[in-house]
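The opening position of the sequence shown corresponds to residue 10 in the working numbering, with each subsequent residue numbered one higher.
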Amino acid sequence: GILVGRKTLNFDNPSLDVALYSSPYGLNQKKSKKIIIGSFSKINWDASLFHKDAENIYVIGSKADWNDFPTEKKAAVQALGINCFNIQDERNFIEEVLKYLGKKEITSILVEGGPEIHAEFLKNKLFDKASVFVASSLVGKGKGPADAYGIQEMKDRLELKLIRHELVGTDLFLQYKRG
């Protein structure tokens with residue numbers, strides 16, 4: 010599956026359509042499960058991905074937020090066939106999200122979100138690999154995962170081991186595993 014946070018969904022309106030994977034027969038396409046995490050009431054339910062392939066969409070938020078979500082909107086979302094789930098234990102939110110996805114047999118995900126969602130996975134060491142694209146041009150004034158992670162001192166750093174690097178057009182692709 011491909012996981013994004015609510016902010017990435019609302020700002021970028023991604024399609025999250027297809028995952029490419031390698032097989033002995035070459036590069037193949039596979040429909041991906043689309044996973045959005047965040048506040049039900051703050052999600053842009055008009056985003057393009059909600060209007061097709063609803064059975065492959067999973068929206069996950071907190072129980073408190075689900076309880077505050079208007080009943081008529083709940084009914085409209087559920088009528089589309091979108092899978093909604095609310096997490097009971099917000100202290101371990103990401104771990105609970107992964108447990109839920111595991112029960113749905115979604116055992117491999119690409120986290121395609123912003124710095125806050127990436128920081129949660131990094132902070133809790135809930136990843137096998139971290140892939141980074143470094144663009145050949147910079148724009149904006151955003152934050153990176155290390156900012157959201159809250160690393161202030163070297164003793165708190167997350168050790169990574171570079172396992173792959175490649176020039177992709179004019180961008181640099183780096184892939185790490187936990188050190």
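We put the beta carbon where it would ideally sit given N, CA and C, even for glycine. All figures in this text were calculated on a predicted structure; none of them were measured in a lab.
If you count every other CB in all the chains shown that lies within 10 Å of the CB of Ala85, and 16 or more means buried, which is it?
Translated into the one-based positions of the sequence shown, residue 85 becomes position 76. With fewer than 16 other Cβ atoms inside 10 Å of its own Cβ, Ala85 counts as exposed.
Taking only three categories from DSSP, how would you classify Gln97?
Locating residue 97 in the sequence shown gives position 88, where the first residue counts as 1. Three-state result, Gln97: coil.
Distance check for Asn53 and Tyr109, CA to CA, integer angstroms please.
Working through the sequence shown from its first residue, we reach residue 109 at position 100. Working through the sequence shown from its first residue, we reach residue 53 at position 44. When rounded, the distance between both Cα atoms is 23 angstroms.
Mind reading off the beta-carbon distance from Glu6 to Leu12? Whole number of angstroms is fine, and I expect it under 8 angstroms.
With the chain running from 10 to 188 in the structure shown, residue 6 is simply not present.
By Cβ distance, which residues of its chain are closer than 8 angstroms to Ser48, with the 5 residues on each side in sequence left out?
Within the sequence shown, the letter at position 39 stands for residue 48. Cβ neighbours of Ser48 beyond the five flanking positions: Arg15, Gly70, Ser71, Asp74.
Considering only residues of the same chain and omitting the five flanking positions on each side of Glu129, which have a CB-CB separation below 7 angstroms?
The residue given as residue 129 occupies position 120 in the sequence shown. Excluding sequence neighbours, Glu129 sits near Ile103.
Could you tell me which residues DSSP pairs with Val106 in its beta bridges?
Along the sequence shown, one-based indexing puts residue 106 at 97. In DSSP, Val106 forms no bridge with anything.
With C-beta atoms as the reference, is Ile96 less than 9 angstroms away from Phe59?
Here residue 96 refers to the residue found at position 87 of the sequence shown. Here residue 59 refers to the residue found at position 50 of the sequence shown. No. Outside cutoff.
Look at the Cβ atom of Ser50, then the Cβ atom of Phe78, and state whether they are nearer than 9 angstroms.
For this step, residue 50 is matched to residue 41 along the sequence shown. For this step, residue 78 is matched to residue 69 along the sequence shown. Against a cut-off of 9 angstroms, the Cβ pair of Phe78 and Ser50 comes out as a contact.
Leu171 - partner residues in DSSP beta bridges
Walking along the sequence shown from the start, residue 171 turns up at place 162. Its beta-bridge partners are Tyr185.
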